Structure formats: C-alpha cells, structure tokens
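Its first residue numbered 1, the sequence shown is counted upward by one per residue in UniProt numbering.
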Amino acid sequence: MSKQIVFHIGGWSSCGFYNKAYNVLASLSVLFPSRLRVVNHVYGSRDEYRSWLLGEDETDGFRDTFLGISKANKQTSSPFSWIEDSGSNNFVGGCDDTLDWCKSFVSPSASDAGKEKSKMKPDDFSEGHGYDYDLVVIGGGSGGLAASKEAAKFGAKVAVLDFVKPSPAGSTWGLGGTCVNVGCIPKKLMHNAALIGEILTNDVQPYGFNAPEQTEGHQWEKMRESVQNHIRGLNFNYRVTLREKNVTYLNKLGKFINPHTLEVTDKKGKVSQLTASRFVVATGGRPTTLDCEGGEHAITSDDIFSLEQSPGKTLCVGASYISLECAGFLAGLGLDTTVAVRSILLRGFDREIADKIGAHMEDHGVKFKNGVVPSKLKKASDGKITVTFSDGSSDVYDTVLTAIGRRADTEKLGVDAVGVKTNPKNGKIICTDEQTSVNNIYAIGDVMEGCPELTPVAIQAGKMLARRLFDGSDEPMDYQNICTTVFTPLEYGVVGLSEEDAKQVIGCGSKIEVYHSNFTPLEWSLSEHRQKHPAFCKVIVCKEDDKVLGMHYLGPHAGEVTQGFGVAMKKGMTYNELTNTVGIHPTSAETFTDLTVTKSSGESADSKGC
C-alpha cells in the first residue's frame, strides 16, 4: 500500500479561494482516506491568517520556515498549502496550485506512478519508411481486429489479413476468429439453450406453470440455424467496421519472406507480396487432433457448432474447460454424452471447484470414463464410430469430439525462418511485452507464449500494443488478476489464484485463510432438483496483509458476478474492504460480502437464512 500523503492547507474562513481549494481536498480525503489526510489551518479573519503566515510585523511567520523557496516566500494570499513528508515541508502553493495538485492526484498518471513500463526495444519505425503499410495484422480474430482499429485511430496505414484454413473435417467460417465463429459466442448460445431446457423441464412447475410437452424434443437444426445466422451477422459487421475505420481487409493467407515482407495467397491461389514496417501476428490457435488409429474420424470444437444434424450420442475426449462445456450443453439438450478423462478435470483451476463441477455434471446426466484415452476409432458404413479405450473397453458413438488442447497457428507462417523464436512444443511465439525476437514483429493473444487464452485478453493486449506503437504510450499489458468463467452447467467464475496456487505463492497453507459458503440462490429455492448441488463461493486471503488472493464462484450468472469484482482485485482489495461493502439483496453476488466461515474453523459452510 502506498504511503499516506499529509496535506496541509492554511487560510481564513471567509476567503473564497481558500474554501474552493479546501472543499476539493476534503472531498478527496473522504474518497481516498488511506491515501490522503488533510490538516486544516483555518483562521477567523484575514488579519489572524496573515499574522500566522507572515508574523506580527510580517516577519518570523510560518512562511519563513520555507527557507530558500522563492515561491513560498512570495506567497501572501490565502490559501497557503504544503505537504508534510518525513519531518520536512514541501510547498505546493495557492488555490490554483492546490487544484492542479488535486487533479494530478486523481489522474491515471498519479495513481499509476511507479508501475512497470514496457520493455519493448526500438524497431526503427519512421514516417518515411517506404513500405506498403505502417502495420499489417495477420489474423482477423478478436485481438487482431482490436489492434488494427486502434492503430488506425492514431493515423497509421493498416491492413488486416484473415484467411481461415478449413478444419480436418472441412469446417470453415468468416471474419472474426475463433471466439465469434467456433468459440465463445456459439458456445454460450448453446449453453444457454441447455439452461432453458433445464428450466422448462425442472423449474417451471413450482412457479405455477405447466411443464410444456416435449413431443419432438430439442430441434438441433433450428438452434444451429439461429446461431449461425447470428454469427454471419457479426462477420458482416466486422467487415463494415474495418472499412469505417480505414483498415484494409485482405482475405489472404500470409507467409513471411523477410521481416518486412509477406507472400500472400488469395482464395483463388493468386500469389503476391506486400510489405510493412511493422507486423502483428494474431493468428490464434487451432485444436489439437486425436493422435491414434482412426483419429481422423473425430471432430473438434472447430466443427461442433456448425454440424448440420444433431451429434447424437457423443464422446468428448479430454477434461479441459472446452470439453466440459461442450459435454454440459450436449447433455443439457438431451443427448447421451460421455467424457473421457485421462487424469483430472480442469487442470490449472481450483481443485475443490473442479470436483464440485464434476459431481454436478455426473448427477445431471454426463457420464465419465476416468483414467482412459481412446486408442482406436473405427467408423462403420452407417457413420457410427466404435471407440476402443486404453483400458481395453469399447463403446459405439455417433460423434467423437476431441478437446485435448490447442496449438498456436504458426506452422506455415514462416516466423521461424525470419528469426522469430517459438516454443517447439506448442508453436507459440516467445515475446517480451508482445514484441518478438525480431523487433518489428509483434504477437498478441493465443498465439503468444504465456498469454491466457481468453478473448478479452487478446483485445486489451491488441489495443495497448497499438497505443505503444503509434501513440507514445509506454504502458505494458497487465496479465494478472484476469476474470474468467467456465460455462459448465453449474457455471464457474474466478479471478485471482486457486487455493493450491495461493499456498504455493505464500509459502505454506498456514499463511492463508479461506472463507467459504454453500448457498441456494433465491431463484433456485423453489426447485427441489436444485438442492443437491448448491451454489458455492470462496475467497482466499493472505493473513499477513489481509489481501484477497483469489475469488471463486459456482452458480448462476457466474460471468456477471465475477466481472463485478475484477476492478477491486486489480486494485488490491482486502478482505476487510470486501466485507465492509454493502451487498445487493437478494443476489448471489452479495454472498461474497458476507463471508465469515473459515475452512480452518471446521464449521459448516452451509448458509442459513436468506
């Protein structure tokens, strides 16, 4: 925590300039009590004030303690302001100077003082560089689009290359990248379809409605059409926006020839070249395919959202969040769904939460085959796939969906040939502040080593990089305390450290405290089937400084709940500040403001009352 500033102001009570300055200072001290304390030296009349400031004979007054400070020695009007620092006094000035100090106090530059600056190296960019473009962005996903539009805003001549290579199963899509076409957007829409089905099936009757008759069941084709129409609308809007922002859109596949030149190929196979002073690689990643006999018969998340017909009985291979999200909405739509788990669910996430998600999914119809991987897939003439597992067992499925990780889409980009360093295990580009080992080539989003694979992260990184490249900023992207949500049937929102990681960071479990609660959201309280798996939240706190290290939430609207605490976590929120916050009643989010039961106490975490 930064040191508290002790700000002194002297004046006389009827002076308008004094009152103006003091009122602003007093307001700031109320808003930021830990950062600012105001000491008021107010006098009843102008004469009393001058006697204090200048002395009885305008000698030996308080002003004279500021030896050698010309501006202070000339100040005779009200107010007279200074800052006390380690026994010495630093003169500020009169009314205008005090107000200017107040502005700097609340400005981003003041609050961000001492923050780390970007470590990017000069890339020899100049106005008269002679290349076709100032910046070429390779990849029209969330990060690439954000970076290109932000750079164009500062007057840069920008082009975006976007060319979607079909998946092994033949799926392709339009401008917008993974998130819009085969990721977050269709995933959440289909997740929402499953939630609607659960409400219609289990929740409406306690509220006085008759459950609708499911004569035809869920219509996959109708849902798919609606989802794909929405995506096509987004694809079109992105193209329009690029044109409005004066960004050139090129539907071409790029490959580096040298650090300033790309060989580009259009959809008709025509090859040409373009040059740029700077490049941003934003090609994202593609799903890892199944490496076993018959693995080509499996599909991935690149294919599932555009299937013409229902996937039917489905095996989801992998225990990643993508696999569990897909398994969750498929089961929620009434499909026979199995998850093949090699080791543990949701590696990298909080273990307690992962176990709760697994138990909830299992009770809601998802089957789990633990400790196995597919060893062989054999497709019959009727399209059904027989899967043999590593434990010797087998089963027949209509669809096998692989979600065992992703690899950066850099294999044919030619980055290695021009000196850009990559991680050979996953193809990701190694960067410092988004700058690669070749100074004029940058990378953002999922293609970058060490970057969280999240759409908002790529967008923010792209914007901040563009500001550093074309607007003189030196502020780096902050990858700490980023909120995220896993859209399993019981949604999981998290910001900060898992309990396991917190123990490792702090050094031992005895240095952290975990506050937790099992509770039933009000909207679930009338539905009997909701009672077995209540919502849950926990906060992980460092005992030494009361700082909140991690927040975890299982329950409805997890993304909306977690996002609201994101800023507080960025600002270093303490447990005391959290529990002193007045909650919104009756909501699930307010549970965080009322956490008192600790794990170490051994008391029940079950909430009682409303």
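Yeah, the Cβ is synthetic: ideal placement off N, Cα and C, and Gly gets one too.
Computed from a predicted structure; not experimentally measured.
- Residue environment analysis places threonine 172 among the exposed positions, since fewer than 16 neighbouring C-beta atoms fall within 10 angstroms of its C-beta.
- Assignment of methionine 120 by DSSP, reduced to helix, strand and coil, places it in the coil class.
- For tyrosine 207, DSSP assigns no beta-bridge partner whatsoever.
- If the five residues before and after valine 164 are omitted, its C-beta is found closer than 6 Å to the C-beta atoms of Thr172, Trp173, all from its own chain and listed in chain order.
- Where phenylalanine 105 is concerned, the enclosing alpha helix (DSSP H) starts and stops at 95 to 106.
- The secondary-structure analysis by DSSP pairs arginine 239 with nothing; it has no beta-bridge partner.
- Sorting Tyr515, Lys20, Ser148, Ala298 by C-alpha distance to the C-alpha of phenylalanine 592 places Tyr515 at the top.
- Note on geometry: alpha-carbon atoms of aspartate 303 and lysine 313 lie some 16 Å from one another.
- For glutamate 362, the enclosing alpha helix (DSSP H) starts and ends at 351 to 363.
- In terms of CA proximity to alanine 169, Leu290 leads the group Phe91, Asp132, Leu290.
- Less than 8 Å divides the Cβ of threonine 288 from the Cβ of isoleucine 404.
- Burial of isoleucine 459 is indicated by the presence of at least 16 other C-beta atoms within 10 angstroms of its C-beta.
- When secondary structure is reduced to three states using DSSP, alanine 443 falls in the strand class.
- Within the same chain, Cβ atoms closer than 7 Å to the Cβ of asparagine 73 are found at Arg63, Phe66, the five residues on either side in sequence being excluded.
- Per DSSP, proline 287 is one residue of the beta strand (DSSP E) stretching across 285 to 287.
- Cβ-Cβ distances below 7 Å link valine 38 to Phe7, Ile9, Leu25, Ala26, Ser29 in the same chain, with the five nearest sequence neighbours on each side left out; the list follows chain order.
- The Cβ atoms of glycine 332 and glycine 217 do not sit closer than 8 Å to each other.
- Spanning the alpha carbons of threonine 455 and alanine 568 requires a straight line of approximately 21 Å.
- Between threonine 283 and valine 136, the CB-CB gap reaches or exceeds 8 Å.
- In this structure cysteine 179 touches serine 142 by the C-beta definition: roughly 5 Å separates them, less than 8 Å.
- Leucine 497 is positioned such that its CB atom lies no closer than 8 Å to that of leucine 465.
- For histidine 516, the secondary structure class from DSSP, reduced to helix, strand or coil, is strand.
- Closest in C-alpha terms to leucine 250, from the list Phe105, Ile257, Pro259, Val264, comes Val264.
- The Cβ neighbour count for glutamate 116, taken over all protein chains shown within 10 Å, is under 16; the residue is labelled exposed.
- Three or more Cβ pairs closer than 8 Å define a contact, and the region 355 to 375 meets that threshold against the region 487 to 506.
- For the pair glycine 419 and serine 437, the CB atoms are nearer than the 8 Å cut-off.
- One thing to note: aspartate 391 has its Cβ no nearer than 8 Å to the Cβ of valine 494.
- Here the region 317 to 330 makes contact with the region 183 to 192; the two share three or more CB pairs at distances below 8 Å.
- Annotation: the continuous alpha helix (DSSP H) that includes valine 24 extends over 16 to 31.
- Annotation: the region 495 to 570 contains the following complete segments of the beta strand (DSSP E) (minimum length 3 residues), in chain order: 512 to 519, 535 to 542, 548 to 554.
- In this structure lysine 187 is buried. Its beta-carbon is surrounded by 16 or more other beta-carbon atoms within 10 angstroms.
- Per the DSSP secondary-structure output, cysteine 184 pairs with nothing in a beta bridge.
- In the structure shown, the three-state DSSP call for phenylalanine 470 is helix.
- The beta carbons of alanine 319 and isoleucine 344 sit about 6 Å from each other, so the pair counts as a contact at 8 Å.
- Here the region 114 to 134 makes no contact with the region 225 to 236; the two share fewer than three CB pairs at distances below 8 Å.
- Straight through space, the alpha carbons of leucine 554 and glutamine 531 are spaced by roughly 14 Å.
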